[in-house]
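Residue numbers (this note's numbering), protein chains in the order written: chain S, 802 to 1016; chain B, 802 to 1016.
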DNA sequence: GTCTATAGCGAGATAGAC
DNA sequence: GTCTATCTCGCTATAGAC
């Protein structure tokens, strides 16, 4: 019977499985609750409910709220930083296109995970040593940046200046999405139309900035 | 005796008073703790300690943690949005200089209140109807933006696009300050040197963007 | 592995003396 | 107004039956 199922259909079923393991169900529920409310405001009861299981099971699988939280946090740090690290170190992408690729990848990611950047920012703010326990991210990111040709002839400060500008233009709209949409009564469609346009002009604007700094 | 004190010295003493009212001491302590940890992770005990008073006094003055929190939140929303609203509606500033004035004002503010933007973002995220209770901010901000001449001939979407870009370039560095400095081992001096340079080039870059959008 | 019941603790809030 | 002592409740975690 399983042999009759085409491979691509099976892949699809993998991503939205009817039957997840209990452990996975709890993790996905925890992800949802933690990313919405942060660690302190999250209730294990709510996570259990969201997962459709009993509260005791959560402790059976993960021992404690904190433990579960750390697992989710590490996953999410990985997801977020993988985008920039992988793109910058990918030799098959010509250097000039990397900004465009990055804008597109982050836009795709954050349209589906709108809470991700604000979650990472506010939670690592309250607990700065998450990065210490994720030392490889720090090292990998710095390495990825250092090998970029645009840094030739620039000091570190100029490189970071460009990075801050680029990430600000790319990520900021998602960070303020909720408040911004609320202040100007934007529908999801309106907001996403604004975002879509940025895929094109953010890299262009960065080129201007890059040229400015050359002088 | 007081008459011997020069007026400017008195003003200075006003800003860092030896003797604050108890109510004010609690508010300033609450401000510090809430902005660092957010509502849920803050402990009234810590606020009382920070203020140098007894826990019971906090409830005597403010009735509840939530009540105290709302007072601080409203104050901080006001502080933050006043900058942009006042600047945009100030007729004495020529339009071309408003971006420069805004970058400078926000930079000055956020150097001294580094936690402000991330606090407002993450806390209003968890409780979106803060803006509802601060309706005047919404109305005042929209009015302030609508009267700007640069919007002539532009649709709302283009105006918001520019606003998002400008605020991203201006505020994002402060929002990621802690994590960013940690990832690249930046000292406070290094970070602030980077920030200082942005006072000049952010408005310039915005002019490029503005021109691009004209076409 | 999954559940029900409950222990145990921490935090916010109040009573009441001074 | 300010303190000490205490109450109460909500939340995390565990014990123990199935």
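All C-beta atoms, glycine included, are put in the ideal place defined by N, C-alpha and C.
TODO: Note down, in chain order, all residues in the region 836 to 855 of chain B with a beta-carbon under 8 Å from any beta-carbon belonging to chain S.
DONE: Answer in chain order: 837, 838, 839, 840, 841 and 842.
Task: Chain-ordered neighbours of residue 929 (chain B) on chain S, where CB pairs are closer than 9 Å - done: Neighbours of residue 929 (chain B) on chain S, chain order: 979, 980 and 983.
TODO: Could you round the C-beta distance between residue 1014 (chain B) and residue 958 (chain B) to whole angstroms and report it? I think they count as a contact, below 8 Å.
DONE: Actually they do not touch by this definition, with Cβ atoms about 11 Å apart.
TODO: Sort S:832, S:880, S:884 and S:896 by Cα distance to residue 866 (chain S) and report the nearest one.
DONE: Residue 866 (chain S) has its Cα closest to that of S:832, out of S:832, S:880, S:884 and S:896.
- [ ] May I have a chain-ordered list of the alpha helix (DSSP H) segments no shorter than 4 residues that lie completely inside the region 869 to 893 of chain S?
- [x] None, since the region 869 to 893 of chain S contains no complete alpha helix (DSSP H) of that length.
Task: residue 921 (chain S) versus S:1001, S:976 and S:912, residue with shortest Cα-Cα distance - done: Per the Cα distances, S:976.
Task: Proximal residues, the region 912 to 923 of chain B versus chain S, C-beta separation under 7 Å - done: Per Cβ criterion, the list reads 919, 922 and 923.
Task: 6 Å CB neighbourhood of residue 896 (chain B) in its chain, flanking five on each side removed - done: So the list reads 950, once near-sequence residues are dropped.
- [ ] Starting from residue 932 (chain B), find everything on chain S with Cβ-Cβ shorter than 8 Å and list it in chain order.
- [x] Residues of chain S whose Cβ lies closer than 8 Å to the Cβ of residue 932 (chain B) are, in chain order, 980, 983 and 984.
Task: Under the three-state DSSP convention, the category residue 919 (chain B) falls into - done: Assignment of residue 919 (chain B) by DSSP, reduced to helix, strand and coil, places it in the helix class.
Open item on the list: Tell me whether the region 927 to 942 of chain S and the region 880 to 890 of chain S touch, counting them as touching only if at least three CB pairs, one residue from each stretch, are closer than 8 Å.
Closed with: Contact holds: three or more Cβ-Cβ distances are below 8 Å.
Task: Distance between residue 989 (chain B) and residue 947 (chain B) (C-alpha atoms, nearest Å) - done: Cα to Cα, residue 947 (chain B) sits roughly 38 Å from residue 989 (chain B).
- [ ] Please classify residue 936 (chain B): is it buried, with 16 or more other beta-carbons within 10 angstroms of its beta-carbon, or exposed?
- [x] Exposed, by the Cβ-count rule.
- [ ] Go to residue 843 (chain B), then tell me how far its alpha helix (DSSP H) extends in each direction, as first and last residue.
- [x] Segment: none, residue 843 (chain B) is in no alpha helix (DSSP H) and carries neither H nor E.
Open item on the list: Which residues in chain B have a C-beta closer than 7 Å to the C-beta of residue 966 (chain S)? List them in chain order.
Closed with: Those within 7 Å of residue 966 (chain S) in chain B are 970.
Task: Status (buried if at least 16 other CB within 10 Å, exposed otherwise) for residue 1004 (chain B) - done: Residue 1004 (chain B) comes out buried.
Open item on the list: Assuming residue 996 (chain B) and residue 908 (chain B) are in contact, meaning their beta carbons sit under 8 Å apart, how far apart are those beta carbons, in whole angstroms?
Closed with: Contact holds; Cβ gap of about 6 Å.
Open item on the list: Does residue 916 (chain B) pass the burial test, meaning 16 or more other C-beta atoms within 10 Å, or should it be called exposed?
Closed with: Here residue 916 (chain B) is buried, its C-beta having at least 16 other C-beta atoms within 10 Å.
TODO: Could you confirm whether any beta carbon from chain B is found closer than 9 Å to the beta carbon of residue 1013 (chain S)?
DONE: Yes, residue 1013 (chain S) lies at the interface with chain B (some Cβ there is under 9 Å from its Cβ).
TODO: May I ask you to report which of helix, strand or coil DSSP gives residue 974 (chain S)?
DONE: Looking at residue 974 (chain S) - three-state DSSP - the assignment turns out to be helix.
- [ ] With DSSP as the reference, label residue 914 (chain B) as helix, strand or coil.
- [x] Here residue 914 (chain B) sits in coil by DSSP.
Open item on the list: Please identify the residue among S:987, S:1006 and S:974 whose C-alpha is closest to the C-alpha of residue 911 (chain S).
Closed with: Cα-wise, what sits closest to residue 911 (chain S) is S:974.
- [ ] Check each candidate in S:979, S:983 and S:962 and name the one with the smallest Cα separation from residue 978 (chain B).
- [x] Cα-wise, what sits closest to residue 978 (chain B) is S:962.
Task: Length of the line joining the Cα atoms of residue 984 (chain B) and residue 929 (chain S) - done: Taking the straight line from one Cα to the other gives about 10 Å.
Task: Whole-Å CB distance - residue 933 (chain B) paired with residue 886 (chain B), under 8 Å assumed - done: Contact between residue 933 (chain B) and residue 886 (chain B) does not hold, since their C-beta atoms are separated by about 18 Å, which reaches or exceeds 8 Å.
Open item on the list: So the candidates are B:884, B:837 and B:841; which of them puts its Cα closest to the Cα of residue 838 (chain S)?
Closed with: Measuring C-alpha to C-alpha distances from residue 838 (chain S) to each of B:884, B:837 and B:841 identifies B:841 as the nearest.
- [ ] Pull up the distance between the alpha-carbon of residue 1008 (chain S) and that of residue 824 (chain S), whole angstroms please.
- [x] Rounded to the nearest whole angstrom, the CA to CA distance from residue 1008 (chain S) to residue 824 (chain S) is 46 Å.
- [ ] Specify the secondary structure class of residue 956 (chain S) as computed by DSSP and reduced to three states.
- [x] Three-state DSSP puts residue 956 (chain S) in coil, outside helix and strand.
Task: Cβ pair residue 905 (chain S), residue 1000 (chain S) closer than 9 Å - done: Contact flag set, yes.
TODO: Compare the C-beta of residue 949 (chain S) against all C-beta atoms of chain B and say whether one is closer than 9 Å.
DONE: Chain B, which has no Cβ nearer than 9 Å to the Cβ of residue 949 (chain S), makes this no.
Task: Residue nearest to residue 913 (chain B) in terms of C-alpha spacing, selected from B:925, B:924 and B:880 - done: Among B:925, B:924 and B:880, the Cα nearest to that of residue 913 (chain B) is on B:880.
Open item on the list: Tell me the rounded alpha-carbon separation between residue 883 (chain S) and residue 1012 (chain S).
Closed with: Within the model, the alpha-carbon separation for residue 883 (chain S) versus residue 1012 (chain S) is close to 28 Å.
TODO: Assign residue 846 (chain S) to buried or exposed, taking buried as 16 or more other Cβ atoms, counted over all protein chains shown, within 10 Å of its Cβ.
DONE: Result: exposed.
Open item on the list: Could you compute how far the alpha carbon of residue 899 (chain S) sits from the alpha carbon of residue 918 (chain B)?
Closed with: Taking the straight line from one Cα to the other gives about 29 Å.
TODO: For residue 808 (chain B), name the three-state secondary structure that DSSP assigns.
DONE: Because the pLDDT at residue 808 (chain B) is just 38, under 50, the model does not fix this residue reliably, and the point stays unresolved.
Task: residue 1049 (chain B) classed as buried or exposed, judged by whether at least 16 other C-beta atoms fall within 10 angstroms - done: Outside the shown range of chain B, which is 802 to 1016, sits residue 1049 (chain B), and nothing can be said about it.
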